[in-house]
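Data first, discussion second: the structure below is written as structure tokens.
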Amino acid sequence: MKKWIVMLFALLPSLAMAAGANVPLDAANNDLSDKASLQNGAKLFMNYCFGCHSTQYQRYGRVAQDLGIPDDLMKQNLIFDPAVKIGSLMENAIPDESAAKWFGAPPPDLTLVARVRGTDWLYTYLRSFYADPSRPFGVNNIVFPSVGMPHVLEELQGVPQPVYETHMVDGEEHRVVVGTQSDGRGELNQEEFDTAVRDLVNFLEYSGDPVKLERHALGWWVMAFLVIFTIVVVFLKKEYWRDVH
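The sequence shown maps to residues -18 to -1, 1 to 227 in mature numbering (1 follows the signal peptide of the UniProt record, and there is no 0).
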């Protein structure tokens, strides 16, 4: 009993963080069957996220196989360390001690982040950064206030500026950030950026459960078997008990 209580209290901080700032979340509308989306998400992750975050419970070869990427293309475009083999785990090269010194805490592994946070949270979070000169990295986040992470997708989005609303609290005006608007200097327009973020979140959802589609497909076969088995059992029961009744 004590073990379960300890586990529950250990999970409470994560659950609270997952709730974020109580901001309405946008639907990610992921599609794990879209291989092109997953491939683009993998490319975005390796180019913009992998420098700090690993997915250490995945292997390059398994990702290449699942996403339909030939091994040679995986090595050329998504494996940046020549010493890393296709069968290696996807671990970045930053020591935890150095990362903690630079960022205040080691950046978390993201293999299971979609399962912990939820895809809608990730999709909204990655599109909710805004310029804030008071923060160490010059940005803040609506979903995760006082975030300790830079806006790594700024090159694609441009510099997002905050959109404010004024609310009266105890007779005083308070400005609240309710949205963001890009300065238009990014490589992508808003629609393209939203699609890119969706692809990235799609890849992170796949990372957290690589066999999800197979599991769901197998589930339908299991349900069909149980239905057929139940019908057979009912008829068999009637046959056995026919003379008794």
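Yeah, the Cβ is synthetic: ideal placement off N, Cα and C, and Gly gets one too.
None of the values given here were measured: they were computed from a predicted structure.
### Separation of Asn29 from Ala206, as counted between CA atoms
Here the question's residue 206 lines up with position 224 in the sequence shown. Here the question's residue 29 lines up with position 47 in the sequence shown. Rounded to the nearest angstrom, the gap between the Cα atoms of Ala206 and Asn29 is 43 Å.
#### Entry: Spatial distance of Pro142 from Arg167 (CA atoms)
The residue given as residue 142 occupies position 160 in the sequence shown. The residue given as residue 167 occupies position 185 in the sequence shown. Taking the straight line joining both Cα atoms gives about 10 Å.
### Task
Look at the Cβ atom of Leu92, then the Cβ atom of Cys31, and state whether they are nearer than 8 Å.
Counting from 1 along the sequence shown, the entry for residue 92 is found at position 110. Counting from 1 along the sequence shown, the entry for residue 31 is found at position 49. Less than 8 Å separates the beta-carbon of Leu92 from that of Cys31.
### Query
Is it right to say Tyr105 is buried, meaning 16 or more other beta carbons lie within 10 angstroms of its own, or is it exposed?
Against the sequence shown, residue 105 aligns to sequence position 123. Result: buried.
### First through last residue of the beta strand (DSSP E) which encompasses Phe62
Within the sequence shown, residue 62 is the residue found at index 80, counting from 1. Segment: none, Phe62 is in no beta strand (DSSP E) and carries neither H nor E.
### Assigned exposure category for Trp103 - 16 Cβ within 10 Å defines buried
The residue you call residue 103 lines up with position 121 of the sequence shown. Under this definition Trp103 is a buried residue.
### Message
Assuming contact is defined by CB atoms lying nearer than 8 Å, are Pro90 and His35 in contact in what I supplied?
### Response
If you number the sequence shown from 1, residue 90 lands on position 108. If you number the sequence shown from 1, residue 35 lands on position 53. Yes, the Cβ-Cβ distance between Pro90 and His35 is below 8 Å.
#### Entry: Check: Gly23 C-beta below 7 Å from any heavy atom of the ligand GDP
Questions concerning the ligand GDP fall outside what the structure shown contains, since it holds no ligand whatsoever.
### Task
Check whether the Cβ atoms of Phe185 and Ala87 lie closer than 8 Å to each other.
Residue 185 sits at position 203 when you count from the first residue of the sequence shown. Residue 87 sits at position 105 when you count from the first residue of the sequence shown. Judged by beta-carbon spacing, Ala87 lies beyond the 8 Å limit of Phe185, meaning their Cβ atoms are not closer than that value.
### Message
Can you tell me whether Asn171 is buried or exposed? The criterion is at least 16 other CB atoms within 10 Å of its CB, across all chains shown.
### Response
For the purposes of this step, residue 171 is identified with residue 189 of the sequence shown, where counting begins at 1. Label assigned to Asn171: exposed.
#### Entry: First through last residue of the beta strand (DSSP E) which encompasses Tyr112
Translated into the one-based positions of the sequence shown, residue 112 becomes position 130. For Tyr112, the uninterrupted beta strand (DSSP E) run begins and ends at Phe111 to Ala113, by DSSP.
### Task
Drop a sphere of 10 angstroms on the beta-carbon of Pro192, count the other beta-carbons inside from all chains shown, and report buried for 16 or more, exposed for fewer.
Against the sequence shown, residue 192 aligns to sequence position 210. Pro192 is buried by the Cβ-count criterion.
### Query
Between the beta-carbon of Leu26 and the beta-carbon of Asp176, is there less than 8 Å?
By 1-based counting over the sequence shown, the position of residue 26 is 44. By 1-based counting over the sequence shown, the position of residue 176 is 194. No. Outside cutoff.
### Task
With a floor of 3 residues, list each beta strand (DSSP E) that falls wholly inside the stretch 23 to 48, ordered by position along the chain.
Listed in chain order, they are 37 to 41.
### Query
Between which two residues does the alpha helix (DSSP H) containing Gly166 stretch?
Position 184 of the sequence shown, counting from 1, holds the residue named residue 166. Here Gly166 belongs to no alpha helix (DSSP H), and DSSP marks it neither H nor E.
### Query
What whole-angstrom Cβ distance do Asn74 and Gly33 have, given they're in contact under 8 Å?
Counting from one through the sequence shown, the residue named residue 74 turns up at place 92. Counting from one through the sequence shown, the residue named residue 33 turns up at place 51. Indeed, because the Cβ distance is near 7 Å, the residues count as touching under 8 Å.
### Query
Which word fits Tyr222, buried or exposed, when buried means at least 16 other C-beta atoms lie within 10 angstroms of its C-beta?
If you number the sequence shown from 1, residue 222 lands on position 240. Result: exposed.
### Message
Please tell me whether Tyr146 and Val158 are closer than 8 Å, where the distance is taken between their beta carbons.
### Response
For this step, residue 146 is matched to residue 164 along the sequence shown. For this step, residue 158 is matched to residue 176 along the sequence shown. Contact annotation: Tyr146 and Val158 have beta-carbon atoms nearer than 8 Å.
#### Entry: Opposing strand residues paired with Val158 [DSSP bridges]
Residue 158 sits at position 176 when you count from the first residue of the sequence shown. Partner residues in the beta bridge of Val158, as assigned by DSSP, are Glu147.
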